[in-house]
């Protein structure tokens, strides 16, 4: 039984890499890498990359099917996280605003503490540098025994 390449792929049987395909891929990588990459991509698209590849879906088919299902928008932030809006309940909205204001005040307080700590570290470094310099000058100005 003599089948063509298209018939072999259509029937689900994987054909082996021909010598020409191997030579083009290897030569492509040696001469100009995009040619070799294109040869590999062509084999992948045709489903001829590995044994059984023609019978199965491509690796990204499951993701594409999930992404294209109604209601899925891929990897995006939930609407509640991105857009501040009303919940429809005035009491909850007031509570939410109060909590967000409290958190903002806490954030500002922590930023002020961080700034004060940075200034404290700068003063410590300056005092340490001054101490080291004073020690150096004291050692340098001592009369040398000898």
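Residue numbers (my numbering): 13 to 158. C-beta: ideal position from N, C-alpha, C; glycine also. Values in this document were obtained by computation on a predicted structure and should not be read as measured data.
Proximity of residue 53 and residue 37 at Cβ, strictly below 8 Å: What you label residue 53 is simply residue 41 of the chain shown in a count that begins at 1. What you label residue 37 is simply residue 25 of the chain shown in a count that begins at 1. No, the pair does not count as a contact, with Cβ atoms beyond the cut-off.
Just the C-alpha distance for residue 105 and residue 119, rounded to the nearest angstrom, thanks. For the purposes of this step, residue 105 is taken as the residue at position 93 of the chain shown. For the purposes of this step, residue 119 is taken as the residue at position 107 of the chain shown. Annotation: residue 105 to residue 119 spans about 21 Å, alpha carbon to alpha carbon.
Is residue 44 helix, strand or coil when you go by DSSP? Within the chain shown, residue 44 is the residue found at index 32, counting from 1. When secondary structure is reduced to three states using DSSP, residue 44 falls in the coil class, being assigned neither helix nor strand.
Same chain, Cβ closer than 8 Å to residue 151, five either side skipped, listed in chain order: Stepping through the chain shown from its first residue, residue 151 is reached at position 139. Sequence-distant partners of residue 151 (beyond 5 residues in either direction) whose C-beta falls short of 8 Å from its own C-beta are missing from its chain.
From the DSSP output, in three-state form, read off residue 130 for me. Here residue 130 corresponds to residue number 118 of the chain shown, with the count starting at 1. Secondary structure at residue 130: helix, using DSSP grouped into helix, strand and coil.
Taking its Cβ as the centre, do 16 or more other Cβ atoms sit within 10 Å of residue 94, making it buried, or is it exposed? Counting from one through the chain shown, the residue named residue 94 turns up at place 82. No answer about residue 94 holds up, because its pLDDT of 43 lies below 50 and its placement is not dependable.
For residue 97, which three-state DSSP category applies? Counted from its first residue, the chain shown places residue 97 at position 85. In the three-state reduction of the DSSP assignment, residue 97 falls in the coil class, being assigned neither a helical nor a strand state.
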